[in-house]
Amino acid sequence: MTNSATPVTLRSGDTAVTVEPENGCRLASLVAGGTELLVQGPGHGAFVMAPWCGRTDHGRFRNGGELHQLPVPSEQDVRDGLGGPHAMHGTVRRLPWRTVRADERSAAFTVGLTDPWPWDGVVTQLVELAEDGGGITLTLGVETYGTSFPAQAGWHPWFRRTLREGGAEAQIRFAPEWQEERGADHLPTGRRIEPQPGPWDDCFGMPQGVDVTLTWPEELELNVSSRAEWVVLYDEQPAAVCVEPQSGPPNGLNSLPRFVTPIEPLEIATTWTWRHLT
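The sequence shown begins at 1 in full-length UniProt numbering and counts up one residue at a time.
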């Protein structure tokens, strides 16, 4: 086992990815052909969302007849632009993870699920660069140490809106079957509507699997795919476009719980592939 506080850099072809286990196992950098694809900074890059994704209604959810209360946004969340009344993006994105193994182009990491999450368990993340350096696959697992519990998992990457000063902005192409109607409280209402034009802070259903392409004209094309059926698009900030594959919609601990049991962990993967256009 390597030093958990040490960033891990993987390389393949002309691609390098740096993972910071001490900072929530966040992808801090993804450089392809000399171009940084992720917004830089301790709250950006690409972070893991677990054991829930997006917003949970005022931090409250029920498991059977028992009501649980999760932490609502902290002062650090507010500084990161994640204020509001709801519990945000899970508990593991700021915890220190352990590096289980690392080689030239893959690495595995783990972190324990403990208080304030009501049950004990473990989250694992596997990061693998393609042999030719033209893609990356991220795999998450959520397991329980005994008691079954509802959970979600996914990723929140902050892709750069422009890849160079004065460059073209990223264009988003995808074909969802529906959009989760968003209420004034930013939570899904439970209604599915026809997909609406952006800007977005919205969840979309893609039952055949997530398939979203970002194109920076004459520079780069990047595809985000996953067998997961939900994706959140967020492009309300001038510097970033977020494409977030996840195992359920926001507030899913209440509306669409997926149970982690001793014989059935929650597993989700996403693959990002890219090609240069010049």
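For each residue, glycine too, the CB sits at the ideal point set by N, CA and C.
None of these values were measured; they are calculated from a predicted model.
### Task
Just the C-alpha distance for R182 and T15, rounded to the nearest angstrom, thanks.
Your numbering for residue 182 matches position 182 in the sequence shown. Your numbering for residue 15 matches position 15 in the sequence shown. R182 and T15: Cα-Cα distance of roughly 37 Å.
### Task
Going by CA-CA distance only, name the one from D57, V17, G64 that's closest to G33.
Here residue 33 refers to the residue found at position 33 when the sequence shown is read from its first residue. For G33, the nearest C-alpha among the options comes from V17.
### Message
Among the candidates R98, Q76, V92, P71, whose CA atom is the shortest distance from the CA of P85?
### Response
Locating residue 85 in the sequence shown gives position 85, where the first residue counts as 1. Comparing Cα positions, the closest option is P71.
### Collapsed DSSP secondary structure at G65 in the structure displayed
Here residue 65 refers to the residue found at position 65 when the sequence shown is read from its first residue. Here G65 sits in coil by DSSP.
### Message
Which same chain residues end up closer than 6 Å to R191 when comparing Cβ atoms and leaving out the 5 residues on each side of it in sequence?
### Response
Here residue 191 corresponds to residue number 191 of the sequence shown, with the count starting at 1. Once the five neighbours on either side are set aside, the close Cβ partners of R191 are E181.
### Task
Rounded to whole angstroms, what's the CA-CA distance from V212 to F61? Just pull it up for me.
Your numbering for residue 212 matches position 212 in the sequence shown. Your numbering for residue 61 matches position 61 in the sequence shown. So the two alpha carbons sit approximately 30 Å from each other.
### Distance, G65 Cα to A269 Cα
Position 269 of the sequence shown, counting from 1, holds the residue named residue 269. Position 65 of the sequence shown, counting from 1, holds the residue named residue 65. Rounded to the nearest angstrom, the two C-alpha atoms are 32 Å apart.
#### Entry: Beta-carbon proximity list for P265, same chain, < 7 Å, skipping 5 on both sides
For the purposes of this step, residue 265 is taken as residue 265 along the sequence shown, with counting starting at 1. Beyond the five residues adjoining it in sequence on each side, P265 comes within less than 7 Å, by CB distance, of G141, V142, E143 in the same chain, given in chain order.
### Task
Taking 8 Å as the threshold, find out whether the stretch 29-48 comes into contact with the stretch 115-122 through three or more Cβ pairs.
no
### Task
Hey, could you find the ends of the alpha helix (DSSP H) N251 is sitting in?
Taking the sequence shown and counting its residues from 1, one reaches residue 251 at position 251. First-last for N251: undefined, no H or E at that position.
### Query
How should S74 be labelled, buried or exposed, when 16 other C-beta atoms within 10 angstroms of its C-beta is the threshold for buried?
Taking the sequence shown and counting its residues from 1, the one referred to as residue 74 is at position 74. Answer is exposed; the Cβ neighbour count stays below 16.
### Task
Look at the alpha carbon of S148 and the alpha carbon of P51, and state the distance between them as a whole number of angstroms.
If you number the sequence shown from 1, residue 148 lands on position 148. If you number the sequence shown from 1, residue 51 lands on position 51. Those two C-alpha atoms are separated by around 13 Å.
### Message
Runs of 3 residues minimum, wholly inside the stretch 159-230: which ones carry the beta strand (DSSP E) assignment?
### Response
171-173, 178-182, 188-193, 201-205, 210-216, 220-226
### Message
In whole angstroms, give me the CA-to-CA distance for R173 and L233.
### Response
As a working note, residue 173 is residue 173 in the sequence shown. As a working note, residue 233 is residue 233 in the sequence shown. If I take the Cα positions, the gap works out to 11 Å.
### Task
Report all residues from its chain with a CB closer than 6 Å to the CB of V260; omit the five preceding and five following residues, and keep chain order.
As a working mapping, residue 260 is identified with position 260 in the sequence shown. If we look at V260 and ignore the five residues flanking it on each side, its Cβ neighbours are V142, T144, F149, A151, L266.
### Message
Let me make sure I understand the geometry here. Which of R105, V243, H186, A46 has the alpha-carbon closest to that of V8?
### Response
What you label residue 8 is simply residue 8 of the sequence shown in a count that begins at 1. Taking only the C-alpha atoms, the option nearest V8 is R105.
### Query
Which residues in the same chain have their Cβ closer than 6 Å to the Cβ of A28, if we skip the five residues on either side of it in sequence?
Your numbering for residue 28 matches position 28 in the sequence shown. T18, E20, G45, listed in sequence order.
### Task
Could you say which of W158, A87, L37 lies nearest to E236 if we only look at CA atoms?
Numbered from its first residue, the sequence shown carries residue 236 at position 236. The candidate whose alpha carbon is nearest that of E236 is W158.
### Task
Counting only the same chain and skipping the five closest in sequence on each side, list residues whose C-beta sits under 6 Å from that of T201.
Here residue 201 refers to the residue found at position 201 of the sequence shown. Looking at the sequence itself, residue 201 is Asp, so the reference to Thr does not match. The residues are Y234, E236.
### Task
Would you kindly work out how many angstroms separate the C-alpha atoms of D103 and L67, rounded to a whole number?
Translated into positions along the sequence shown, residue 103 becomes position 103. Translated into positions along the sequence shown, residue 67 becomes position 67. Each residue's Cα considered, the two are about 43 Å apart.
#### Entry: Three-state class that DSSP yields for V48 in the structure shown
Stepping through the sequence shown from its first residue, residue 48 is reached at position 48. Note: V48 maps to strand in three-state DSSP.
### Message
Please list the terminal residues of the continuous beta strand (DSSP E) segment that includes E267.
### Response
Residue numbering aside, residue 267 sits at position 267 when the sequence shown is read from its first letter. Under the DSSP assignment, E267 falls in the beta strand (DSSP E) whose first and last residues are 266-276.
### Task
Can you have a look at T124 and say buried or exposed, based on whether 16 or more other CB atoms are within 10 angstroms of its CB?
For the purposes of this step, residue 124 is taken as residue 124 along the sequence shown, with counting starting at 1. Flag for T124 reads buried.
### Buried/exposed call for I136, threshold 16 Cβ in 10 Å
Residue mapping note: residue 136 aligns to position 136 of the sequence shown, counting from 1. Classification of I136: buried, given that the 10 Å Cβ count is 16 or more.
### Query
Between the Cα of H58 and the Cα atoms of T273, N251, T271, which residue gives the shortest distance?
Here residue 58 is taken as the residue at index 58 of the sequence shown, counted from 1. Ranking T273, N251, T271 by Cα distance to H58 puts N251 first.
### Query
Near L163, which residues of its chain fall below 6 Å by C-beta distance, leaving aside the five closest residues on each side in sequence?
If you number the sequence shown from 1, residue 163 lands on position 163. T35, W216, E219.
### Query
Any idea which residues DSSP pairs G112 with across the strands?
Here residue 112 is taken as the residue at index 112 of the sequence shown, counted from 1. In the DSSP output, where bridge partners are listed per residue, G112 has V122.
### Query
Which residues mark the beginning and the end of the beta strand (DSSP E) in which R101 is found?
Within the sequence shown, residue 101 is the residue found at index 101, counting from 1. Counting along the chain, the beta strand (DSSP E) containing R101 begins and ends at 98-102.
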